[in-house]
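Trainee: These protein sequence lines are chains U and X, in that order. For the first sequence, position 32 (counting from the first letter as 1) is numbered 32 according to the working numbering, and the numbering increases by one without interruption. For the second sequence, position 590 (counting from the first letter as 1) is numbered 590 according to the working numbering, and the numbering increases by one without interruption. Following this message is one structure expressed as structure tokens.
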Amino acid sequence: MVIKLKVISFTINGEKRQVTMRGDERLIDLIRDELKLTGTKEGCGQGECGACTVLVDGKAVPSCLMLAVKVDGKEILTIEGLKRNGILHPLQKAFIEAGAVQCGFCTPGMIMSLMELLSNQDEVTPEEIRAHLSGNICRCTGYSKIIDAAMLAHKMLKEMRNHV
Amino acid sequence: MKAIIGKPLNRVDGEIKVTGRHLYPSDMWEDGTLLLGLKRSVHPHAIIKRVDTQEASKVDGVVRIFTYKDISGTNRYGVVHKDQQVLAEEKVRYIGDAICLVAATNREALKEAIDKIKVEYEVLPAVFDPVEAMKENAPKIHKSGNILQHTTVSYGDVEKGFKESDIIIEGSYSVPFIDHTPMETEAGFAKMQDGKITVWAGTQTPFRDRKEISKALGIPEEKIRVIAPFFGGGFGRKDGITVQIYLALAAYILKRPVKIYYSREESIQTSYHRHAAVMYYKTGAKRDGMLTAVQARLIFDTGAYASFGGEVMSLGVEHFAGPYRVPNSRVDGYAVYTNNIIGGAMRGFGVPQVTFAFESQMDKIAKALNMDRWEIRYKNALEHGDKTAIGHTLIYSTGVKRTLKKVRESNLWKGKDKLIAESTPFKRRGWGIACSYQGGGLGVGIPDFAEAKVELLPSGRYRVYGGISDMGQGNTTGYVQIASAALNAPVEMIEYTTPDTDRTLDSGPSAASRTTYIYGKALLGAIELLKDEILQVAAEKLSCPKNSCKLIDDRVESDKGTIHLSEIYKLLPEKKRVSTFYVDMPISKDRRDIGSGLPHIVYAYATHLAVVEVDILTGKVRVIGYCSVSDVGKVINPPVFEGQVEGAVAQGIGAALTEGIKLKDGLALNNNFTTYIVPTAVDVPQIEVIAVESAEPTGPFGLKGTGEINVDAPPAAVVSAIENAVGVRVSSLPVSPEEIIKSIEVEDAIP
Ligand code: FES
Ligand code: FES
């Protein structure tokens, strides 16, 4: 079986990149193996745990289900792209402050999923957050503190937006 | 000095985790790294007739295929019984037994080669039911027979106890194998470094691993280094060998960096699990609810290999009748080999199984006597100085009654009637209660110690060499907090390491609710010694009595002047900049004859309250309110404590409602997250967490241990609530919606 190679160009965490990928390789392989951005985790490889979640053109996707060649011309954001100029993103800060990190293996995926939800939302309830995160499994925290972190981040983000 | 103890402190590993910067075992890689994978048995019980690797070796990208012949050591491992083979020699005992280890340059080659290895088997009769396996004529899985361990304990006179009782309740209960599903499966990386095999792995037991690798491969321990960085969850699954020996073998022979990371399916089929069990109980009580006798027979399915089978079952035996006064008892526990997947350590370690069974018994007695479920528990609850159901004396803090009292003050207790009043004809609500206790440490007869190490650095900062793995529970943060308090220095001055057999000292496993308790205790000792050295040289330098010197932040102060710790560093001889301190876990003073690993003496206690809603059309159960009250001694860091409780309760809710491996002839049918259902954010309610902080006289700052206690009671509490809601008593987990609907129909049919 011959699998076609394809050159793809995309932006990841603000940086333009061009790589050659095989047609059957997944986005997570591109991110973790090719670009060595190991902040994105693989917990199941089947789209069921959310650990591999990244943003593609602002939409949260499980990177284990998407083919790498599909990101040609697109913009990807991974957990490594959140901290800017040495300053943690409010979601990162909130996860630390709310005690939402235990083993931390689900954390990047949780944060990326919440990026999608909270980026432009003026009001959000804990129930909406729970529903939004229902595709992200955390085996350590029982979710309470993740919900707290999301609410806290929401507050910080809203304040930031109101300041601009 | 204690100002920081009991206060929230952000985790020291928070930032490296939220930024994606921390390298987990599955993240490690360097140029030239080979990928490892395993050819595994497809039969649950078979003789290996022939292994043919010829075709497989020709696959482009395959570097090496190992069989047991490449191993010069014992090729054996196992925590207590060395009954597992690194690579199978002549026989396989479950679906998943490893036969060949393959190293390849890329994933596709690895997969192709594994597929192309041909194994010829002679299939043997297999046995999957532990009760069947105990029979004389059952297929023999190991030469020693299928009963791995039988532990029996009696106390008082059980026959007399039953005679004195007014009622006797019998019941049988069953629970399935449960998978920990840590979000990071078994993973690691290894290479040769400074002439040593160096293994980075998700492991709760780096020091024990070093011994296991050494024996199995026939390589001296001095040539092996095991490092345990923060890893992605363990819950007991990584208490012992998973991938470590494969990594060591390949790195050692190939002299190249190697990595391995199990797929979820491989992990679920081949790793350790919570033991499946069947349990038969007979309980006698007086009309006033006082227990007179309990008898039980517990059969734990340890699967194909021992792992912790005997020890887990023994913990079940120890805790078999809950945190209650039982004057007469007899319990027989069996750990039995089958050709199923392997049972091993999982948070709770045998206690969740028996807690489900015995708390159900307590409910049944209450019902038969028309007594309140809370009251019967309170009446029988153990107190300081009491003897447990297996007859040993509780000489340390004993807070179960306090947890029972406290639960009545919870918001959920006060609000439960209102919540339940909102039931609708098709959605019925009810509340349930359960108590539990959990011994901390490894129990009588098993070496249980920690040796802490702390160093004064040139900058005047300190470094704590954490000797016990942190799989996410936050013990490393606990050590930093304890050091900060004891050294009277801000947290920022304390550096830390995670375990590394070359740098830290053996402090035993990250297990048994012991990590903060025992290492914290040793750490306090090490700090006392270091402080003493620091104050000694400071006093000499400042020409003042030692007791007039005070350690404050980064300096020593006295009325004669101040001296910075970086100065002290220079004045201290090298040996004295580092101090170490060893402590043993306290063990029971009586009934030490029973066996190995029991009894314990430092216990955590809990009372749980659950409110559920049962949809009587679908049989689906939703937990809508949950409160945990636990006595874990002093809480060092409230958010970390709460996180431990919330996580454990979520796992317990999973065990109650959805989790359990469905086995067909030894094969896990639900081996991924689509079919093995763990709770998500919509399945777990906001949990009300309450601590009862009995001061534990033996613990650092009065702490006991938090890791396990809250995983024990949820299934019993949920099942209690289901009965309260719809009158159906479930005795086999996980709760089956079909069974609920059926039982409701049957009951409704009765006029
Ligand atoms: S790894 Fe992609 S969803 Fe689990
Ligand atoms: S923190 Fe461990 S899986 Fe979420």
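Using N, Cα and C, we set each Cβ at its ideal position, and we do this for glycine too.
#1: Residues of the region 667 to 692 of chain X in Cβ contact with chain U at a cutoff of 7 angstroms, in chain order, please.
#2: Going by the beta-carbon positions, is the gap between A526 of chain X and K634 of chain X smaller than 8 angstroms?
#3: Taking the CB atoms as reference points, tell me whether H45 of chain X and P125 of chain X lie closer together than 8 angstroms.
#4: According to the Cβ coordinates, are Y40 of chain X and I99 of chain X closer than 8 angstroms?
#5: Under 7 angstroms Cβ-Cβ, which residues of chain X neighbour P108 of chain U?
#6: Using beta-carbon positions only, say whether T393 of chain X and G399 of chain X come within less than 8 angstroms of one another.
#7: Name the chain U residues that come within less than 9 angstroms of T242 of chain X, Cβ to Cβ?
#8: Who are H608 of chain X's beta bridge partners in DSSP?
#9: Taking Cβ to Cβ, would you say P490 of chain X is nearer than 8 angstroms to S566 of chain X?
#10: Just to confirm, is the Cβ distance from C103 of chain U to G472 of chain X under 8 angstroms?
#11: Taking contact to mean at least 3 C-beta pairs separated by less than 8 angstroms, is the region 351 to 368 of chain X in contact with the region 319 to 327 of chain X?
#12: Any Cβ of chain U within less than 8 angstroms of the Cβ of A650 of chain X?
#13: Excluding the 5 residues flanking V649 of chain X on each side, which residues of the same chain have their C-beta closer than 7 angstroms to its C-beta?
#14: Give a single yes or no on whether A51 of chain U has its beta carbon closer than 7 angstroms to a heavy atom of ligand 1.
#15: Does the region 672 to 679 of chain X touch the region 309 to 320 of chain X, meaning 3 or more C-beta pairs lie closer than 8 angstroms?
#16: Any heavy atom of ligand 2 within a distance shorter than 7 angstroms of the CB on G202 of chain X?
#17: Quick one: any contact between the region 14 to 34 of chain X and the region 485 to 504 of chain X, if contact means 3 or more CB pairs under 8 angstroms?
#18: Comparing the C-beta of K752 of chain X with each C-beta of chain U, is any distance below 8 angstroms?
#19: Can we count R139 of chain U as close to ligand 2, meaning its CB is less than 7 angstroms from some heavy atom?
#20: Got a sec: which bits of the region 110 to 136 of chain U sit with their beta carbon under 8 angstroms from any beta carbon on chain X, in order along the chain?
#21: Hey, is the region 230 to 249 of chain X in contact with the region 185 to 194 of chain X, meaning 3+ C-beta pairs nearer than 8 angstroms?
#22: Is the beta carbon of G660 of chain X sitting closer than 8 angstroms to the one on P734 of chain X?
#23: So, is I47 of chain X buried or exposed, given that buried needs 16 or more other C-beta atoms within 10 angstroms?
#24: Let's see if you can read the secondary structure: which residues bound the alpha helix (DSSP H) around F95 of chain U?
#25: Residues in the same chain with beta-carbon distance under 6 angstroms from L298 of chain X, minus the five sequence neighbours each way, listed in chain order, please.
#26: Mind checking who W200 of chain X pairs with in its DSSP beta bridge?
#27: Just to confirm the assignment, what range does the alpha helix (DSSP H) spanning P714 of chain X have?
#28: Can you determine whether any heavy atom of ligand 2 sits closer than 7 angstroms to the C-beta of V645 of chain X, and answer yes or no?
#29: Tell me which residues of the region 160 to 193 of chain X have at least one Cβ-Cβ distance to chain U shorter than 9 angstroms, keeping chain order.
#30: Give me the Cβ distance between I433 of chain X and A691 of chain X, rounded to the nearest whole Å; I'm assuming they're in contact under 8 angstroms.
#31: If contact is defined by three or more beta carbon pairs under 8 angstroms, each pair taking one atom from either stretch, is the region 162 to 182 of chain X in contact with the region 274 to 293 of chain X?
#32: Counting only beta-carbon separations shorter than 8 angstroms, does I750 of chain X have a partner in chain U?
#33: Does the structure place the region 299 to 308 of chain X close enough to the region 77 to 88 of chain X that three or more beta carbon pairs sit under 8 angstroms?
#34: Look up Q18 of chain U in the DSSP assignment and give the residues it is bridged to.
#35: Using a Cβ-Cβ distance under 8 angstroms, would G350 of chain X count as near chain U?
#36: Beta carbons nearer than 8 angstroms to chain X: which residues of the region 64 to 84 of chain U have them?
Mentor: Inspection of the coordinates gives the following:
#1: N672, F673, T674, V678, T680, A681, V682, V684, Q686, I687
#2: no
#3: yes
#4: It is worth fixing the name first, because residue 40 of chain X is Arg in this sequence and not Tyr. A contact, by the Cβ cut-off of 8 angstroms.
#5: G20
#6: no
#7: Chain U residues near T242 of chain X: none, gap ~16 angstroms exceeds 9 angstroms.
#8: X:A434, X:S628
#9: no
#10: yes
#11: yes
#12: yes
#13: Y626, S628, I687, N710, P714
#14: yes
#15: no
#16: no
#17: no
#18: The structure shown does not extend to residue 752 of chain X, since chain X spans only 1 to 751, so no value can be given for it.
#19: yes
#20: I111, P126, I129, R130, A131, L133, S134, G135, N136
#21: yes
#22: yes
#23: exposed
#24: 90 to 97
#25: M279, G316, G333
#26: X:F189, X:I227
#27: 714 to 726
#28: no
#29: H180, T181, P182, M183, E184, T185
#30: Incorrect: roughly 18 angstroms between the Cβ atoms, too far for contact.
#31: yes
#32: Residue confidence for I750 of chain X is low, a pLDDT of 47 falling below 50, so the modelled location carries little weight; the figure read from the coordinates is stated next. Chain U, which has no Cβ nearer than 8 angstroms to the Cβ of I750 of chain X, makes this no.
#33: yes
#34: U:S9
#35: no
#36: T78, I79, E80, L82, K83
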